[in-house]
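J.:
2 protein chains.
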Amino acid sequence: MAQKDTVKSILNAAEELFSERGFAETSLRNITTKAGVNLAAVNYHFGSKKALIQAVFARFLTPFCEDLERELDAVQARLDGKVPELPGILMLLSQTALRAGHDSPRRLGIFMRLLGLAYTQGQGHLRRFLQKEYGPVFKAFMRLVTAATPELSDEDRFWRIHFMLGATVFTLSGADSLTAMAEHDLGKGSDIAQVVDKLIPFLASGLNAPHQAG
Amino acid sequence: MAQKDTVKSILNAAEELFSERGFAETSLRNITTKAGVNLAAVNYHFGSKKALIQAVFARFLTPFCEDLERELDAVQARLDGKVPELPGILMLLSQTALRAGHDSPRRLGIFMRLLGLAYTQGQGHLRRFLQKEYGPVFKAFMRLVTAATPELSDEDRFWRIHFMLGATVFTLSGADSLTAMAEHDLGKGSDIAQVVDKLIPFLASGLNAPHQAG
DNA sequence: TCTCGTTTTAAACGTATGTTTGAAACAGTT
DNA sequence: AACTGTTTCAAACATACGTTTAAAACGAGA
Numbered sequence: 001m002a003q004k005d006t007v008k009s010i011l012n013a014a015e016e017l018f019s020e021r022g023f024a025e026t027s028l029r030n031i032t033t034k035a036g037v038n039l040a041a042v043n044y045h046f047g048s049k050k051a052l053i054q055a056v057f058a059r060f061l062t063p064f065c066e067d068l069e070r071e072l073d074a075v076q077a078r079l080d081g082k083v084p085e086l087p088g089i090l091m092l093l094s095q096t097a098l099r100a101g102h103d104s105p106r107r108l109g110i111f112m113r114l115l116g117l118a119y120t121q122g123q124g125h126l127r128r129f130l131q132k133e134y135g136p137v138f139k140a141f142m143r144l145v146t147a148a149t150p151e152l153s154d155e156d157r158f159w160r161i162h163f164m165l166g167a168t169v170f171t172l173s174g175a176d177s178l179t180a181m182a183e184h185d186l187g188k189g190s191d192i193a194q195v196v197d198k199l200i201p202f203l204a205s206g207l208n209a210p211h212q213a214g
Numbered sequence: 001m002a003q004k005d006t007v008k009s010i011l012n013a014a015e016e017l018f019s020e021r022g023f024a025e026t027s028l029r030n031i032t033t034k035a036g037v038n039l040a041a042v043n044y045h046f047g048s049k050k051a052l053i054q055a056v057f058a059r060f061l062t063p064f065c066e067d068l069e070r071e072l073d074a075v076q077a078r079l080d081g082k083v084p085e086l087p088g089i090l091m092l093l094s095q096t097a098l099r100a101g102h103d104s105p106r107r108l109g110i111f112m113r114l115l116g117l118a119y120t121q122g123q124g125h126l127r128r129f130l131q132k133e134y135g136p137v138f139k140a141f142m143r144l145v146t147a148a149t150p151e152l153s154d155e156d157r158f159w160r161i162h163f164m165l166g167a168t169v170f171t172l173s174g175a176d177s178l179t180a181m182a183e184h185d186l187g188k189g190s191d192i193a194q195v196v197d198k199l200i201p202f203l204a205s206g207l208n209a210p211h212q213a214g
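Line by line, the protein sequences are chains A and B. Using UniProt numbering, the letters of the first sequence correspond one by one to residues 1 to 214. Using UniProt numbering, the letters of the second sequence correspond one by one to residues 1 to 214.
1) Under 7 Å, Cβ to Cβ, is there at least one residue of chain B near glutamate 133 of chain A?
2) Which chain B residues are close to threonine 171 of chain A, counting only those with a beta carbon under 8 Å from its beta carbon?
3) Tell me the DSSP secondary structure of serine 177 of chain A in three-state form.
4) Should alanine 193 of chain B be flagged as near chain A, meaning a C-beta pair shorter than 7 Å?
5) Could you tell me whether any Cβ in chain A is nearer than 7 Å to the Cβ of glycine 214 of chain B?
6) Are any of the Cβ atoms in chain B nearer than 7 Å to that of phenylalanine 141 of chain A?
7) Any beta-carbon of chain B closer than 7 Å to the one on residue 283 of chain A?
8) Among A:Leu165, A:Val196 and A:Thr62, which residue has its Cα nearest to the Cα of alanine 175 of chain A?
9) Taking alanine 182 of chain B and phenylalanine 163 of chain A to be in contact with their CB atoms under 8 Å, please state how far apart those CB atoms are, rounded to whole angstroms.
10) Spatial neighbours of glycine 214 of chain A within its chain, please: C-beta separation below 7 Å, excluding the five flanking residues on both sides.
11) Of all the CB atoms in chain A, is at least one closer than 7 Å to the CB of leucine 17 of chain B?
12) Determine the DSSP secondary structure at asparagine 38 of chain B, reduced to helix, strand or coil.
13) Checking contacts by CB at 7 Å: is isoleucine 10 of chain B closer than that to chain A?
14) Consider the Cβ of leucine 68 of chain B: report whether some Cβ of chain A lies at a distance smaller than 7 Å.
15) I'd like to check one pair, valine 56 of chain B with alanine 118 of chain B: are the Cβ atoms closer than 7 Å?
16) Leaving aside the five residues before and after phenylalanine 60 of chain B along the sequence, list all residues of the same chain whose C-beta is less than 7 Å from its C-beta, in chain order.
17) Any beta carbon from chain A within less than 7 Å of threonine 120 of chain B's own beta carbon?
18) By a C-beta neighbour count over all protein chains shown, 10 Å radius and 16 as the cutoff for buried, is serine 205 of chain B buried or exposed?
19) Within its chain, find whatever has a CB closer than 8 Å to the CB of threonine 171 of chain B; leave out the 5 residues flanking it on each side and keep chain order.
20) Excluding the 5 residues preceding and the 5 following isoleucine 192 of chain A in the sequence, name in chain order all residues of the same chain whose CB lies nearer than 6 Å to its CB.
21) Using DSSP with H/G/I as helix, E/B as strand and the rest coil, what is histidine 102 of chain B?
22) Is it right to say alanine 2 of chain B is buried, meaning 16 or more other beta carbons lie within 10 angstroms of its own, or is it exposed?
23) Rounded to the nearest angstrom, what separates residue 222 of chain A and arginine 113 of chain B at their Cα positions?
24) Let me see if you follow: with CB-CB separation under 7 Å, is proline 105 of chain A close to chain B or not?
25) Assuming glutamine 54 of chain A and phenylalanine 138 of chain A form a contact by the criterion Cβ under 8 Å, report the distance between their Cβ atoms to the nearest whole angstrom.
26) Curious, which full-length alpha helix (DSSP H) runs of at least 4 residues does the UniProt domain "HTH tetR-type" (4-64) of chain B contain?
27) Out of B:Gly22, B:Ala147 and B:Glu25, point me to the one whose CA is closest to glutamate 85 of chain B's CA.
28) Closer than 8 Å, Cβ to Cβ, to anything on chain A: give me those residues from the UniProt domain "HTH tetR-type" (4-64) of chain B, in chain order.
29) So leucine 90 of chain A packs on arginine 160 of chain A, CB below 8 Å; how close in whole Å?
30) Find the residues of chain B that neighbour aspartate 185 of chain A, judging by a C-beta separation of less than 7 Å, and give them in chain order.
31) Can you tell me where the alpha helix (DSSP H) holding valine 195 of chain B begins and where it ends?
32) Taking serine 205 of chain A as the query, report the chain B residues whose CB atoms sit under 8 Å from its CB, ordered along the chain.
33) Can you name the residues of chain A whose CB is closer than 7 Å to the CB of aspartate 154 of chain B?
34) To the nearest angstrom, how far is it from the Cα of glutamine 95 of chain B to the Cα of proline 63 of chain B?
35) What did DSSP end up calling histidine 211 of chain B once you bin it into helix, strand or coil?
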């Protein structure tokens with residue numbers, strides 16, 4: 001039980017601190033202090049800081065992707081050849097994501113911030129790791145989206161998917177400060193789940209936009 | 001001429017390196033080496049690394065915001081009370097932005113990457129600096145958008161503006177790698193200007209989406 | 001040509017980082 | 001109770017960082 005506790009508290013501390021400050025700005029001393037373990041524990045249990053970063057992602061993404069894969073298969077089977085509906089796909093994705101941070105909805109925000117960092121911060125090793133590990137599930141998801149948007153050219157669909165990804169990662173990343181801003185500006189805060197609800201019609205409408213301006 | 005050259009090459013090197021690796025991951029030694037100047041030059045001319053970061057943003061944003069302010073005033077005058085059109089506003093913004101990196105269109109991508117970093121990376125001093133310095137222009141822009149979307153609730157508009165910001169920053173940030181991906185996946189690359197063209201209908205349609213899913 | 005303020009330079013400073021080490025503490029087995 | 005493999009611990013290691021310093025080089029005005 002001792003080992004699991006140490007490993008778990010390191011992962012918890014690292015997840016939170018990385019999401020708050022970024023990877024380079026978070027030292028192993030920050031992490032081990034917050035986790036209440038010895039400094040050397042990270043290198044003992046994970047091998048290096050890079051490996052710890054990957055482990056933080058794996059702990060969230062592996063169950064999430066397994067879950068998503070099951071859901072995608074189920075949808076595919078239920079459809080039985082018919083054309084899937086876009087908002088349904090998006091809601092499936094968002095609900096799987098919300099479920100992945102099962103203990104607290106705040107966890108999804110934390111992880112989105114990490115995902116944003118993975119893109120923006122150097123960390124080439126991370127991008128390679130994510131691609132190798134979770135690329136196939138993403139491709140399966142894309143096949144469904146493609147089936148749901150037959151009228152889009154491959155090029156438009158490619159770019160619009162990334163517009164959607166950007167809107168999602170950016171706003172869910174900053175959900176904490178954005179809801180604080182919303183509360184200050186208009187007296188109405190929101191939690192992550194509500195932001196996701198607002199996000200879906202925006203994304204669905206954007207993806208289906210006419211080719212010209214409108 | 002000597003001083004201007006040193007300052008300018010430091011800013012050029014810093015802008016590029018920051019955008020590639022982030023702030024914390026880029027050392028003053030990296031910057032001064034790339035710029036071909038002495039290590040101490042940064043602290044001599046800018047005072048500190050933080051001040052250098054702010055200077056990099058100021059060099060891009062100050063002319064851009066002055067230009068944008070002029071354009072906004074011109075639109076306001078031309079309207080003379082009538083309701084402005086959304087796609088027109090977005091195109092005005094994008095064209096002002098493209099003009100800001102006047103020498104090369106790649107510059108806009110670099111700056112968007114920096115803007116993304118400013119949000120994600122710690123750098124509280126940067127957010128405060130940007131807010132103080134460029135907040136008013138953003139508010140003026142928001143007034144126009146509000147006038148162009150009278151049917152939206154303040155809450156929906158708030159969130160959708162940030163969805164738009166996210167889609168823009170994210171995709172223009174990663175425009176280099178994304179166009180490479182597009183080229184690999186579908187044999188068709190794009191430059192920044194073309195991505196912006198694809199972005200506008202997506203954003204306009206998302207902002208005007210019905211409140212429910214659609 | 002000499003002078004004085006500005007700019008550049010090489011070297012050092014203090015600090016913080018990721019990692020390694022070797023001994024101590026622990027837990028399970030015989 | 002003694003042994004064994006695993007985990008923790010305090011301390012040290014080498015390295016890289018941002019910043020400072022004091023002297024040298026420079027450039028324009030008298």
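All C-beta atoms in this analysis are idealised placements derived from N, C-alpha and C, irrespective of residue type, glycine included. As the structure is a computational prediction, the values presented were derived from the model and not from experiment.
T.: Inspection of the coordinates gives the following:
1) For glutamate 133 of chain A, the answer is no, since every Cβ of chain B falls outside 7 Å of its Cβ.
2) Trp159, His162, Phe163 and Gly166, listed in chain order.
3) helix
4) no
5) Caution applies to glycine 214 of chain B, whose pLDDT of 45 falls short of 50 and renders its modelled position unreliable; the value that the coordinates give is listed next. Yes, its Cβ sits closer than 7 Å to a Cβ of chain A.
6) no
7) An answer regarding residue 283 of chain A cannot be provided, because it is not within the stretch 1 to 214 covered by chain A.
8) Of A:Leu165, A:Val196 and A:Thr62, the residue nearest in Cα terms is A:Val196.
9) Not quite, the Cβ-Cβ distance comes to about 13 Å (not below 8 Å), so this is no contact.
10) With a pLDDT of 46 at glycine 214 of chain A, under the threshold of 50, the modelled position of this residue cannot be trusted, and the question is left open.
11) no
12) Reduced to three states, the DSSP call for asparagine 38 of chain B is coil.
13) no
14) With 7 Å as the cut-off, leucine 68 of chain B does not count as an interface residue toward chain A.
15) no
16) Ala100 and Phe111
17) yes
18) Answer is buried; the Cβ neighbour count reaches 16.
19) Its chain contains Leu178, Val195 and Leu199 as the residues whose beta carbon lies nearer than 8 Å to that of threonine 171 of chain B, once the 5 sequence neighbours on both sides are disregarded; these appear in chain order.
20) Pro105, Leu108, Gly109 and Ala175
21) coil
22) Reliability of the predicted coordinates at alanine 2 of chain B is poor, the pLDDT of 46 falling under 50, and no value is obtained from them.
23) Any question about residue 222 of chain A goes unanswered here, given that chain A covers just 1 to 214.
24) no
25) Actually they are not in contact, since the Cβ atoms of glutamine 54 of chain A and phenylalanine 138 of chain A sit about 17 Å apart, beyond 8 Å.
26) Within the UniProt domain "HTH tetR-type" (4-64) of chain B, the runs of alpha helix (DSSP H) that reach at least 4 residues and sit entirely inside it are, in chain order, 28-35 and 41-45.
27) Ranking the options by Cα distance to glutamate 85 of chain B, first place goes to B:Ala147.
28) Hits within the stretch, in order: Glu20, Arg21, Gly22, Ala24 and Glu25.
29) About 13 Å separates the two Cβ atoms, so there is no contact after all.
30) Phe158
31) 192-207
32) Ser205, Gly206, Asn208, Ala209, Pro210 and Gly214, listed in chain order.
33) At a C-beta separation below 7 Å, aspartate 154 of chain B has these neighbours in chain A: Leu186.
34) 14 Å
35) coil
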